[in-house]
Amino acid sequence: MSSSTPHRRTSHTTSHTSRRTAHRRAAAVALAGVAALIATAVQSGTATAAPDPSPAKGNELVRLSPAQRAELIRDADAAKAKTADELGLGAKEKLVVRDVAKDRDGTLHTRYERTYDGLPVLGGDLVVATDAGKTEQVVKATAKALKPATVTPKISAAKAEAQAVSSAKAAGAERPDANRAPRKVIWAANGTPVLAYETVVGGLQEDGTPNELHVITDAATGAKLYEYQGVENGTGNTLYSGTVTLGTAQSGSSYTLTDTARGNHKTYNLNRGTSGTGTLFSGSDDVWGNGSASNAETAAADAHYGAALTWDYYKNVHGRSGIRGDGVGAYSRVHYGNNYVNAFWQDSCFCMTYGDGSGNANPLTSIDVAAHEMSHGVTSVTAGLNYSGESGGLNEATSDIFATAVEFYANNSSDVGDYLIGEEIDINGDGTPLRYMDKPSKDGASKDYWYSGIGGVDVHYSSGPANHFFYLLSEGSGTKTINGVTYNSPTSDGLPVTGIGRAKAEKIWFRALTTKFTSTTNYAGARTGTLAAAGELYGTDSAEYTAVANAWAGINVGARPGGGDPGDGTTFESSTNVNIPDYGSAVTSSLTVSGRTGNAPSNLQVGVDIVHSWRGDLRIDLVAPDGSTYRLKNSGYDPAADVHETYTVNASSESANGTWKLRVQDQGPADTGYIDGWRLTFP
């Protein structure tokens with residue numbers, strides 16, 4: 051199931067994002083003072099220390115009407131130059147308002163994009179929280195200063211386009227061509243911001259899904275910096291939900307599948323086509339389908355019903371009026387292609403599209419699939435999580451999380467709520483679901499727990515740990531039966547997790563998505579963001595806050611709370627770039643640890659981010675304050691680029707406080723790079 055911007059397909063197929071790109075770090079740093087919650091939250095790398103205990107501020111988001119939201123956006127737009135100045139942005143930087151959310155206590159969360167010298171900055175998004183006009187918190191997708199060396203390209207747009215089309219062909223695309231001429235951008239989502247070209251390649255992917263491959267090319271060297279797929283694979287007599295009431299419109303003696311109560315959401319028939327809008331479903335009796343896949347209206351009834359449920363869920367549970375929050379409905383297209391086993395969301399058309407499955411007998415129009423696809427749209431207009439690496443896995447998981455929430459919300463006896471994804475559509479042909487949230491690895495490919503290399507896994511499988519987190523937070527670990535389905539959820543450390551209930555878990559994830567996450571948020575950043583959200587909703591001394599920390603620890607992200615130094619989980623980070631000479635002498639990057647007591651722990655976490663064209667050349671050491679060294683990585687055969695790893699060091703003989711160094715030496719010729727940043731975390 052799929053979209054069209056930094057998004058995802060929810061299908062069982064595997065995308066072809068390059069491993070080198072997928073391993074690159076997406077830095078995201080929450081800066082500035084956070085009244086009552088976060089002093090500085092680092093969203094890339096390991097998890098930061100828990101905030102000091104504080105009571106909840108009643109910070110649930112309020113429901114904004116489209117008109118109220120539009121007024122807040124106008125106000126933010128009128129003040130954007132002043133805001134940029136207050137944030138200390140450079141003279142060439144400007145803010146572009148994207149969205150505004152509001153808390154019950156009046157706090158505003160304004161989401162911005164940035165431009166530099168008139169060029170869009172990809173990975174430059176940020177969220178500013180203000181209370182009575184005073185800035186309380188700033189969450190940035192990158193901590194790097196926007197100071198590209200030049201805005202004059204050295205390679206032509208034509209060369210960038212040729213490289214992008216070639217990349218699409220390598221991924222199996224059919225008839226790839228550039229949808230538009232490459233545009234100049236500043237690429238800031240990883241490493242030092244640079245001038246680049248963004249090319250969007252069209253055509254079809256190898257499984258017949260429309261192709262919107264975004265390729266980012268360095269405008270100085272022609273090197274590919276990043277790529278992601280913009281198409282995200284997510285009375286009626288329905289196939290899956292029984293007889294339901296549908297929102298329709300009447301004109302004379304004819305009815306159409308136009309839901310006038312939900313932003314005029316429409317459902318169209320593509321009739322096996324693969325382009326265009328299709329034909330709006332219409333009829334004379336206002337009865338749609340007969341419960342059989344052979345009737346073209348049946349799939350339409352399912353899709354229309356799923357869209358209505360999703361609209362109602364976001365409005366009634368989270369106070370959001372439509373995907374964009376502007377009261378405008380999307381639209382659905384059914385009967386895409388022939389034997390097409392997928393569904394997808396596209397930002398470019400603001401629409402969902404559904405295939406009919408193998409043999410055209412199992413349309414992908416169940417409640418959870420519809421909710422999954424629409425939730426890709428919500429993610430796109432809020433956090434905008436890049437559809438690659440760890441942020442891509444979180445993007446997919448977000449759609450699964452809210453698909454599950456909508457299915458429970460529907461309370462439909464024909465398709466009861468569960469923690470299974472796609473259990474109705476029989477995509478595997480053997481009655482098994484597409485994904486399992488209690489133990490994701492049961493599907494044979496998804497991952498149960500976070501590990502340092504998960505950014506290189508297809509986003510449909512790297513979503514597993516976040517899905518697992520949500521299940522643990524909602525229901526807890528161990529065996530449990532819900533609506534006739536038995537679950538048995540394990541934890542990475544073998545310790546139990548007590549759930550807080552799905553309703554609270556949904557609130558926490560939605561608040562984090564809309565006010566804490568950015569385009570580059572990774573798993574560590576998701577932990578930081580959800581802890582902040584839980585603290586704001588329930589207080590940092592609450593059972594809910596503790597449960598969030600325990601659920602993340604249960605999937606190997608961060609430590610269990612309590613029982614140790616009150617600074618447990620504290621991270622000290624250096625984001626200073628240090629060039630590594632090719633086949634030259636060792637270089638070091640330093641950071642100072644202070645405020646600790648006693649020695650360092652036996653499980654000191656050393657997070658290393660190095661951008662380098664051949665990591666096999668690199669020897670990496672940790673140097674303690676007294677000069678003792680700890681080997682992290684030897685040079686040798688290691689045929690890949692970059693180092694984005696977290697190493698565990700027994701440093702219990704070392705004093706915690708003092709100046710620690712990361713020492714790196716390039717021991718082979720012909721490749722260059724730099725230390726992008728590193729950090730020490732005291733679990």
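Residue 530 in this note's numbering is what sits at position 480 of the sequence shown, and the numbering runs on without skipping anything.
No residue lacks a Cβ here, since even glycine has one placed at the ideal position from N, Cα and C.
Predicted, not measured: the structure shown is a model, and the values here were computed from it.
Buried or exposed by the 16-neighbour rule on C-beta atoms within 10 Å, applied to Ser524: buried
Nearest-angstrom beta carbon gap, Arg610 and Ala603 [assumed within contact, 8 Å]: 5 Å
According to DSSP, residues forming a beta bridge with Trp664: None; Trp664 has no bridge partner.
Contact under 8 Å by Cβ, Ser652 with Asn606: no
Whole-number beta carbon distance between Leu522 and Val547, since they are thought to touch under 8 Å: 5 Å
Coarse secondary structure for Val171, derived from DSSP in three states: strand
Residues that DSSP places opposite Trp728 in a beta bridge: Ser624, Val658
Rounded Cβ spacing between Lys492 and Tyr511 (contact assumed at less than 8 Å): About 12 Å separates the two Cβ atoms, so there is no contact after all.
Glu556 versus Lys204: straight-line alpha-carbon distance, rounded: 48 Å
Proximity of Ala650 and Ser569 at Cβ, strictly below 8 Å: no
Identity of the residue in Asn445, Gly434, Ser449, Thr731 nearest Glu423 by Cα: Ser449
Proximity of Tyr724 and Val661 at Cβ, strictly below 8 Å: yes
Sequence-distant residues of its chain with Cβ nearer than 6 Å to Phe567 (five each side left out): Ala433, Gly579
Whether Gly407 touches Gly387 by CB criterion (8 Å): no
Any alpha helix (DSSP H) of 4 or more consecutive residues that is wholly inside the segment 124–166: 130–136
Inside the segment 335–395 only - alpha helix (DSSP H) runs reaching at least 4 residues: 346–368
Asp268 (DSSP reduced to helix, strand or coil): strand
C-beta atoms of Arg148 and Tyr166 nearer than 8 Å: no
Counterpart residues of Gly723 in DSSP-defined beta bridges: Ile630, His662
Cβ shell of Leu254 (< 8 Å), same chain only, five flanking positions each side left out: Ala223, Glu224, Arg225, Pro260, Asn261, Thr324
Of the listed residues Glu473, Asn684, Pro515, nearest to Asn445 (C-alpha basis): Pro515
Burial state of Ala311 (16 or more Cβ within 10 Å): exposed
With 16 other Cβ atoms within 10 Å as the buried cut-off, status of Gln300: exposed
Contact belief for Ala131 with Glu143 at Cβ below 8 Å, rounded distance in angstroms: With a Cβ gap of about 11 Å, Ala131 and Glu143 do not count as contacting.
Per DSSP, cross-strand counterpart(s) of Gly333: Tyr305
Neighbourhood of Ala411 by C-beta distance below 8 Å, restricted to the same chain and skipping five residues each side: Ala343
Outcome for Ala191 when other beta-carbon atoms lying within 10 angstroms are tallied against a minimum of 16: buried
Contacts around Glu136, its chain only, beta-carbon distance under 7 Å, and the 5 residues preceding and following it disregarded: Thr185
Validate contact between the segment 631–646 and the segment 683–693 using beta carbons, cut 8 Å, 3 pairs: no
For Val150 and Leu414, the rounded distance between their alpha carbons: 33 Å
Proximity to Ser625 [Cα-Cα], best of Ile558, Asp726, Thr679: Asp726
Selection from Asn684, Gly718, Pro675, Thr180 that minimises the alpha carbon distance to Glu704: Pro675
For Gln300, three-class secondary structure by DSSP: strand
The segment 369–377 touching the segment 350–359, judged by at least three CB pairs closer than 8 Å: no
Per DSSP, cross-strand counterpart(s) of Gly708: Val643
C-beta contact flag for Gly297 and Arg383 at 8 Å: no
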